[in-house]
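Encoded as structure tokens, the structure appears first; notes follow it.
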Amino acid sequence: MDKKIYTALGMVLLLASSFDARVANAQALKSQVALTDLSAFAAPPKNWEIDGSVHADLEKPNTFALTKGGGILVNTVDEKNPGHDLYLNLQHGDIDLEMDYIMAKGANSGIYLQGRYEIQLLDSWGTINPKSSDNGGIYERWDDSKPDGMKGYEGHAPRQNASRAPGLWQHIRISFQAPKFDDKGVKIANAKVLYVWLNGVLIQENVELSGPTRGAYDAKESALGPLRLQGDHGAVAFKNISYTNFNKLHPTLSDLKYTVYKGNFAKEPDYKTLKPQAQGVTPMLTSNEVKLANEFLLKYTGIIHINEAGEYAFKLSVPGGKGALRINGAPAVTAPGFRGSGTVQLPAGDLPFEIFYIKNVDWAKAALGLTVSGPGVREYLLSDGNVSSNDAVDPILINATENVILRSFSDLPGGIRVTHGIGVGSTEQLHYTYDADKGMIVQIWRGGFLDATPMWHERGDGSSKPAGSVQYFGKPAPGIAKLATADAAWPADTNGTNYKPKGYTLDADGRPTFKYTLYGAAVSDASTVIPGGQGLHREVNISAPVAGLTMRLAQGSKIEMLKDGFYSVDDQYYIRLDEGTIDKPMVRISGAMQELIIPVKQKLTYSIIF
Numbered sequence: 001m002d003k004k005i006y007t008a009l010g011m012v013l014l015l016a017s018s019f020d021a022r023v024a025n026a027q028a029l030k031s032q033v034a035l036t037d038l039s040a041f042a043a044p045p046k047n048w049e050i051d052g053s054v055h056a057d058l059e060k061p062n063t064f065a066l067t068k069g070g071g072i073l074v075n076t077v078d079e080k081n082p083g084h085d086l087y088l089n090l091q092h093g094d095i096d097l098e099m100d101y102i103m104a105k106g107a108n109s110g111i112y113l114q115g116r117y118e119i120q121l122l123d124s125w126g127t128i129n130p131k132s133s134d135n136g137g138i139y140e141r142w143d144d145s146k147p148d149g150m151k152g153y154e155g156h157a158p159r160q161n162a163s164r165a166p167g168l169w170q171h172i173r174i175s176f177q178a179p180k181f182d183d184k185g186v187k188i189a190n191a192k193v194l195y196v197w198l199n200g201v202l203i204q205e206n207v208e209l210s211g212p213t214r215g216a217y218d219a220k221e222s223a224l225g226p227l228r229l230q231g232d233h234g235a236v237a238f239k240n241i242s243y244t245n246f247n248k249l250h251p252t253l254s255d256l257k258y259t260v261y262k263g264n265f266a267k268e269p270d271y272k273t274l275k276p277q278a279q280g281v282t283p284m285l286t287s288n289e290v291k292l293a294n295e296f297l298l299k300y301t302g303i304i305h306i307n308e309a310g311e312y313a314f315k316l317s318v319p320g321g322k323g324a325l326r327i328n329g330a331p332a333v334t335a336p337g338f339r340g341s342g343t344v345q346l347p348a349g350d351l352p353f354e355i356f357y358i359k360n361v362d363w364a365k366a367a368l369g370l371t372v373s374g375p376g377v378r379e380y381l382l383s384d385g386n387v388s389s390n391d392a393v394d395p396i397l398i399n400a401t402e403n404v405i406l407r408s409f410s411d412l413p414g415g416i417r418v419t420h421g422i423g424v425g426s427t428e429q430l431h432y433t434y435d436a437d438k439g440m441i442v443q444i445w446r447g448g449f450l451d452a453t454p455m456w457h458e459r460g461d462g463s464s465k466p467a468g469s470v471q472y473f474g475k476p477a478p479g480i481a482k483l484a485t486a487d488a489a490w491p492a493d494t495n496g497t498n499y500k501p502k503g504y505t506l507d508a509d510g511r512p513t514f515k516y517t518l519y520g521a522a523v524s525d526a527s528t529v530i531p532g533g534q535g536l537h538r539e540v541n542i543s544a545p546v547a548g549l550t551m552r553l554a555q556g557s558k559i560e561m562l563k564d565g566f567y568s569v570d571d572q573y574y575i576r577l578d579e580g581t582i583d584k585p586m587v588r589i590s591g592a593m594q595e596l597i598i599p600v601k602q603k604l605t606y607s608i609i610f
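Per the UniProt record's numbering: the sequence shown = residues 1 to 610.
Structure, rendered in structure tokens:
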């Protein structure tokens, strides 16, 4: 294939932000790696096993506590057993890969795409400025012939450190484009990491790889290669491994004919009544054939070749107007304004199609765009690369170059809006939102501070959102409540508590102490970042004891005590009771959830670690 086609493939990544993502690659078949045994792997070394649960110790390097069962792939190493890499029974080219993983303290591993290009996995907890050798980095290439200090080159650090603590599950999504070769075996396009998402944060995007990274199983590149998990540098575990192979030929367009009509059209007209302003044939679906800036209709007809029958997803971009795509005379996409998407079941073969594009908004640039995805076909750009969303906005980001506070609305999962949210940012890249209406920390995150685009772009809606990897703490509810009995339901709001917010004061470093009254007692609530941004230390003081006061430290589907005063919540974060805590916490059932609660008299200190 022509090298220009592969260059155009890079435009698909730009198109993705301009369309409804729900249909992106919706028809590609995802395969799940069964982890009931090791049969999915080629000659698995003895350091790999299948287990039912895994926990790490924050104090002990390369140590896991395991229980028998299935569903988790575990690599265990020690001084006597240095470990070996694991290869899946999978040769892949273009692939999307997704999995959860846990690192032990100090552990080092990696995902080798085609056995040659490493996405680094590392215990990078507490690292402020990550390098290419940190978690989520694309490892450097290596040349022993170069001078010391220059042997490593072309590594790509993650955009930010979105890593979690040892023993907590992390989620990674990788999209990889294999190198391309002509019919003589000559490489015509380098491999690319189209994206890496770590714990909900985009950390790598459209990175071209000129060759294998250090540690590749060989130096020769090819269209196919094995998927490999590194197992010789530390204890690591994986689950929910799935992948989508893109190994089918994409649809192609041919016999393209265009017609341009001048006019301000509200809808598709009766073409028989119109006189074309221009018409002709073109090798590429494009809006560049139109010489009018606005108030025109562009119509295309042609043939789309479908290599394999199945369900295909199309995305149509028609900036500044509206349009539609029809295949075999049936609707495939309707774009009532600027863009649209749709799916359609198609037989194999040559099928007639037509597209119309009405443009009548003068500030938008004409840029017809069309992508397709389907069975074994990654989203592919069928038009030229002259595509613009026309409403893309440069994000308005607030960086925590010093301890900083921003008052805004905060939107949580489930359509919940916190109207009295206060974002607190730190220079150690660990931030949180405090709900001043409930006296509760509602979310904590690592990485960038706040994206204030929703609040400040144009008229805005008053909200901001975290710019890093977020841990939510459930539906907002009072942080402290007065329970009549140990099994009384936790209140949903502060009604009947005489709750009154009293604002906050700042210490010498600009860190807030939130103040409110509750049941007549004055409460001060101060949180400080644990060194290295490893979590949040919280101290709550109450001016006078109130009988029955209880604090809810956490809620989740699974709360486990790992050791005295140390709890895991859904394997997503830890709660640690700090020194001086006298009262004992309790894990109790509340509907379908569990709650970690503790009596509070005059002072309580604990830490949220993630």
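Beta carbons are placed, not taken as given, at the ideal position from N, Cα and C, and that holds for glycine. Just so it is clear, the structure is predicted and the values come from calculations on it, not from any experiment.
What's the gap between the Cα of residue i and the Cα of residue j?
i	j	result
V193	T63	32 Å
Y432	G211	41 Å
A547	K601	8 Å
T427	L229	34 Å
T76	L253	52 Å
I582	I530	22 Å
I453	I405	Note that residue 453 is Thr in the sequence shown here, rather than Ile. The alpha-carbon atoms of T453 and I405 are separated by roughly 16 Å.
G93	V74	26 Å
P251	A309	11 Å
D270	Y117	55 Å
Y195	T273	48 Å
N390	F246	Because the pLDDT at N390 is just 48, under 50, the model does not fix this residue reliably, and the value given afterwards should be weighed accordingly. Answer to the nearest angstrom: the Cα atoms are 30 Å apart.
K184	Q91	21 Å
A237	K30	21 Å
I598	P545	14 Å
D134	V281	52 Å
I303	D350	6 Å
G369	L209	27 Å
Could you spell out where the alpha helix (DSSP H) holding residue i opens and where it closes?
i	result
P454	T453 to W456
Would DSSP call residue i helix, strand or coil?
i	result
P531	helix
K272	helix
W142	strand
H233	coil
N129	coil
K239	strand
T517	strand
V77	coil
G321	strand
Y499	coil
W490	coil
A332	strand
Y606	strand
residue 614	Summary: the structure shown does not reach residue 614, with the chain confined to residues 1 through 610, and so no result is reported for it.
R511	coil
D384	coil
P466	strand
L35	coil
Cutting at 7 Å between CB atoms, please list the residues of its own chain near residue i, excluding the five before and the five after it.
i	result
V201	Q160, A162, G447, G468 and S469
N199	A162, R164, Q170, H171 and S469
G503	K515
K151	W142, D143 and D144
V207	I138, H156, K192 and V193
The beta strand (DSSP E) with residue i in it runs from where to where?
i	result
L113	N108 to L113
T371	G369 to G374
T485	Neither: T485 is in no beta strand (DSSP E) and is coded neither H nor E.
E98	D94 to M103
K475	Looking at the DSSP string, K475 is not in any beta strand (DSSP E), and its letter there is neither H nor E.
S433	Looking at the sequence provided, one finds Thr at residue 433 rather than Ser. Note, T433: beta strand (DSSP E), L430 to D435.
residue 611	There is no way to answer for residue 611, as the model of the chain reaches only from 1 to 610.
H55	W48 to A56
S124	Where S124 is concerned, there is no enclosing beta strand (DSSP E), given that its DSSP letter is neither H nor E.
residue 630	Outside the modelled stretch of the chain, which goes from 1 to 610, sits residue 630, for which no answer is possible.
L418	Reading off the sequence shown, one finds Val at residue 418, where the question assumed Leu. Run containing V418: I416 to G425, per the beta strand (DSSP E) assignment.
R339	F338 to L346
Please list, in chain order, all residues of the same chain as residue i whose beta carbon is under 8 Å from its beta carbon, the five residues on each side excluded.
i	result
F473	M440, I441, V442, Q443, I444, A554 and Q555
S590	A489, W490 and Q555
K603	E539, V540, N541, I542 and G580
Keeping to the same chain, check which residues put their C-beta closer than 6 Å to that of residue i; ignore five residues upstream and five downstream.
i	result
D525	F514 and V540
A21	In this predicted model, A21 has a pLDDT of only 37, less than 50, meaning its place in the structure is not dependable; the value taken from the coordinates is given anyway. Correct list: empty, nothing qualifies.
### Task
May I have a chain-ordered list of the beta strand (DSSP E) segments no shorter than 3 residues that lie completely inside the region 141-190?
170-177 and 187-189
### Query
Which whole runs of the beta strand (DSSP E) in the region 545-608 are 3 residues long or more, in chain order?
With a minimum length of 3 residues, the continuous beta strand (DSSP E) runs that stay inside the region 545-608 are 549-556, 559-563, 566-569, 573-577, 586-590 and 593-599.
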